[in-house]
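**Student:** First, the structure itself, so that you have it in front of you.
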Amino acid sequence: MRQLKKVLVTGGSGFLGAWIVRRLLAQHIAVRVFDIHARRDTVAAINGAPVADALDWQVGDISRADDVARAMDGCDGVIHLAGVLTPDCSARPVRGAEINLIGSLHVFDAAIAQGMAQIVYASSAGVFGPDDALHPAPATHYGAFKLAVEGSAQAYWRERGIASVGFRPFVVYGPGRESGASAGPSLACRAAARGEPFTIGITGACGLVYVDDVAQAFVQALLTPVQGAPVYNMVGVTATMDEVIAEIRRQAPAAQLRAQGKPLTIADGIAEDGLDAFLPGRQKTPLTQGIAATLRHYGAH
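Going by UniProt numbering, the sequence shown opens with residue 1, and the numbers climb by one from there.
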């Protein structure tokens, strides 16, 4: 187990970042958040306002090398989450590449300059296209940029000797997930808790991973010494949007929900090969419990 004193979380103001901050602080590891803005609402919703207000927080642009190097200074670990999601990458591909790909290269370079041994970063199941669950063939700019980061991580290991772990979560859901094309299951829970109607904007089946399971995996990976640049799929529980709606209605019978739209452009049947061996005893939250926790969160807020 690696011993770390201070970890940089890029993109730490977001949904997953807020939960990773929670996990790191529970391990008594100091945290620095690096993001494009200073808004702490999501971190406060998950961790409480006093925790969010007390965090070491640096504002900067992940696409600027100097900003990243300044944020990395004084840290001995990094979890790299900063990026923009599929709709933004599709609308502005060049800017999407500057943030998702070039920004990731800046993180690797700054980590090397800081003397770090390894990085944990967020890839995505979006590296897979709609037709092949075994071989990455992205159908979106977002997926293409994530796959390029994975290739660069391999090159950094071979050429510079810095190890990394990448995770490819499918749909991450839970308290705080309120943006992105696949936020529908979480937003449906929020609407049900508030007594509001809601339409999930996608249909079909996908893998649903509860957010704290993902956060636990990221932190466990950061504390586990690795060699190379492995990447692991995180699928969670596979369910259709109709099954998600049925479970929400079972727990909140008055929920007014439906689903319409196209399925995600990611193939069914993606496997979590090697993940349990790498992270023995990792947390796996059943869909019923994840939905219950999400409904409780929004009911309380």
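By construction, the Cβ of each residue, glycine as well, lies at the ideal position given by its N, Cα and C atoms.
For S182 versus G174, is the C-beta spacing smaller than 9 Å?
**Tutor:** For the purposes of this step, residue 182 is taken as the residue at position 182 of the sequence shown. For the purposes of this step, residue 174 is taken as the residue at position 174 of the sequence shown. Result no, Cβ atoms of S182 and G174 do not sit closer than 9 Å.
**Student:** Residues in the same chain with beta-carbon distance under 6 Å from residue 303, minus the five sequence neighbours each way, listed in chain order, please.
**Tutor:** What is shown of the chain runs 1 to 301, which leaves residue 303 out entirely.
**Student:** Please name the residue, chosen from M241, I270, A49 and I245, that lies closest to P263 on a Cα-to-Cα basis.
**Tutor:** Position 263 of the sequence shown, counting from 1, holds the residue named residue 263. Selected option, being the one with the closest Cα: M241.
**Student:** Judging by CA-CA distance, which residue of Q216, F278 and I291 is the nearest neighbour of residue 307?
**Tutor:** No information on residue 307 is available, as it lies outside the stretch 1 to 301 that the chain covers here.
**Student:** Which residues does DSSP list as the beta-bridge partners of K6?
**Tutor:** What you label residue 6 is simply residue 6 of the sequence shown in a count that begins at 1. Its beta-bridge partners are A30.
**Student:** Give the list of continuous beta strand (DSSP E) stretches no shorter than 3 residues that lie fully inside the segment 60-99.
**Tutor:** Correct list: 77-80.
**Student:** From which residue to which residue does the beta strand (DSSP E) around V226 run?
**Tutor:** Here residue 226 refers to the residue found at position 226 of the sequence shown. Where V226 is concerned, there is no enclosing beta strand (DSSP E), given that its DSSP letter is neither H nor E.
**Student:** When DSSP labels each residue in this structure, what does I112 get in the three-state scheme?
**Tutor:** Counting from one through the sequence shown, the residue named residue 112 turns up at place 112. I112: helix per DSSP, three-state reduction.
**Student:** Helix, strand or coil for D268 per DSSP?
**Tutor:** The residue you call residue 268 lines up with position 268 of the sequence shown. Of the three classes helix, strand and coil, the one that applies to D268 here is coil, per DSSP.
**Student:** Can you list, in chain order, the residues of its chain with a C-beta nearer than 6 Å to that of R190? Leave out the 5 residues immediately preceding and following it.
**Tutor:** Translated into the one-based positions of the sequence shown, residue 190 becomes position 190. Taken in chain order, the residues that qualify are Y298.
**Student:** Can a CB atom of chain C be found closer than 9 Å to the CB of L8?
**Tutor:** Absence of chain C from the displayed structure is noted, only one protein chain being present.
**Student:** Please list the terminal residues of the continuous alpha helix (DSSP H) segment that includes A300.
**Tutor:** The sequence position of residue 300 within the sequence shown is 300, counting from 1. L287 to A300 is the extent of the alpha helix (DSSP H) around A300.
**Student:** In the structure shown, what three-state DSSP assignment does F170 receive?
**Tutor:** Working through the sequence shown from its first residue, we reach residue 170 at position 170. Three-state result, F170: coil.
**Student:** May I have the straight-line CA-CA distance separating Q27 from G17, to the nearest angstrom?
**Tutor:** By 1-based counting over the sequence shown, the position of residue 27 is 27. By 1-based counting over the sequence shown, the position of residue 17 is 17. Straight-line Cα distance between these residues: approximately 15 Å.
**Student:** Pick out whichever of G269, V68 and T203 has its Cα sitting closest to the Cα of A259.
**Tutor:** The sequence position of residue 259 within the sequence shown is 259, counting from 1. Among G269, V68 and T203, the Cα nearest to that of A259 is on T203.
**Student:** What is the DSSP secondary structure of S186, reduced to helix, strand or coil?
**Tutor:** Translated into positions along the sequence shown, residue 186 becomes position 186. It is helical.
**Student:** So what does DSSP say about T240, is it helix, strand or coil?
**Tutor:** Within the sequence shown, residue 240 is the residue found at index 240, counting from 1. In the structure shown, T240 sits in a strand (DSSP, three-state: E or B).
**Student:** What are the boundary residues of the beta strand (DSSP E) that includes L208?
**Tutor:** In the sequence shown, counting from the first residue as 1, residue 208 sits at position 208. Start and end: A205 to Y210.
**Student:** What residues match up with V165 in a beta bridge as DSSP calls it?
**Tutor:** As a working note, residue 165 is residue 165 in the sequence shown. Per DSSP, V120.
**Student:** Does the beta-carbon of G184, which I'm using as the reference point, lie nearer than 8 Å to any heavy atom of the ligand MN?
**Tutor:** As far as ligands go, the structure on display features none, and thus does not contain the ligand MN.
**Student:** Could you tell me how far apart the beta carbons of G207 and I270 are, in whole angstroms, since I believe they sit closer than 8 Å?
**Tutor:** As a first step, residue 207 must be located in the sequence shown, where it is residue number 207. As a first step, residue 270 must be located in the sequence shown, where it is residue number 270. The Cβ separation is near 7 Å, so the contact holds.
**Student:** Would DSSP call A54 helix, strand or coil?
**Tutor:** Sequence index remark: in the sequence shown, residue 54 carries index 54 (1-based). If DSSP states are grouped into helix, strand and coil, A54 belongs with the helices.
**Student:** Are there 16 or more other CB atoms within 10 angstroms of the CB of residue 306, so buried, or fewer, so exposed?
**Tutor:** What the structure shows of the chain is the stretch from 1 to 301, and residue 306 is not part of that stretch, so it cannot be assessed.
**Student:** Between the alpha carbons of R32 and A246, how many angstroms are there, rounded?
**Tutor:** What you label residue 32 is simply residue 32 of the sequence shown in a count that begins at 1. What you label residue 246 is simply residue 246 of the sequence shown in a count that begins at 1. Each residue's Cα considered, the two are about 40 Å apart.
**Student:** Excluding the 5 residues preceding and the 5 following residue 337 in the sequence, name in chain order all residues of the same chain whose CB lies nearer than 8 Å to its CB.
**Tutor:** Here the chain comprises residues numbered 1 to 301, so residue 337 is not present and cannot be evaluated.
**Student:** Cβ of F145 within 9 Å of Cβ of G96?
**Tutor:** Within the sequence shown, residue 145 is the residue found at index 145, counting from 1. Within the sequence shown, residue 96 is the residue found at index 96, counting from 1. Closer than 9 Å, so yes.
**Student:** From D67, D66, V21 and R70, pick the residue whose C-alpha is nearest to that of G48; which is it?
**Tutor:** Translated into positions along the sequence shown, residue 48 becomes position 48. If we check each option's Cα against that of G48, V21 comes out closest.
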